[in-house]
């Protein structure tokens, strides 16, 4: 479980939660970084050679959404939501999303998937690689140049 130390005015308290203390902006940055790293994974790219799938990812309670396009072995991340996704992955709460990341694999009960079920065969390896990669990025939040993401 991720440990969160909340510091208030003049007090310190330790609290354990299923997700780290991230702003929406910081969350978007680490999520984008994780997708960049997933796009470099040869196994994932090989699995996507014939794919052309547009996915929308939503964390409802944070009102946070982004688009991931799987296109012929490439993964493209866009900060804006697409209007016509082939698949939509939605989490009601950020806590559910980060609990899934902490587990390292997609959790069926936490994530709602809507769209063409036949296209899930392309998205599943990406989701699994994303969970593993985002967990690693949260443990070590730096970019290629060694600059901190948080």
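In the working numbering, the protein residues as written are 217 to 366.
Ideal Cβ placement from N, Cα and C applies to all residues, glycine included.
Report buried or exposed for residue i, applying the criterion of at least 16 other Cβ atoms within 10 angstroms of its Cβ.
i           : result
residue 345 : buried
residue 319 : exposed
residue 339 : buried
I'd like the span of the beta strand (DSSP E) that includes residue i, first residue to last.
i           : result
residue 294 : 290-294
residue 266 : Run containing residue 266: none; DSSP gives neither H nor E here.
residue 306 : 303-307
residue 253 : From DSSP, residue 253 is part of no beta strand (DSSP E) but of the alpha helix (DSSP H) over 240-255.
residue 282 : 280-287
Which residue comes first and which comes last in the alpha helix (DSSP H) that contains residue i?
i           : result
residue 339 : 336-355
residue 319 : 310-319
CA-CA distance, residue i and residue j?
i           : j           : result
residue 243 : residue 266 : 30 Å
residue 334 : residue 263 : 15 Å
residue 312 : residue 288 : 30 Å
residue 291 : residue 341 : 12 Å
- Kindly confirm or deny that the segment 290-310 and the segment 349-357 touch, where touching means at least three C-beta pairs closer than 8 Å. For the pair of segments examined, the segment 290-310 was found not to touch the segment 349-357: the number of CB pairs separated by less than 8 Å stays below three.
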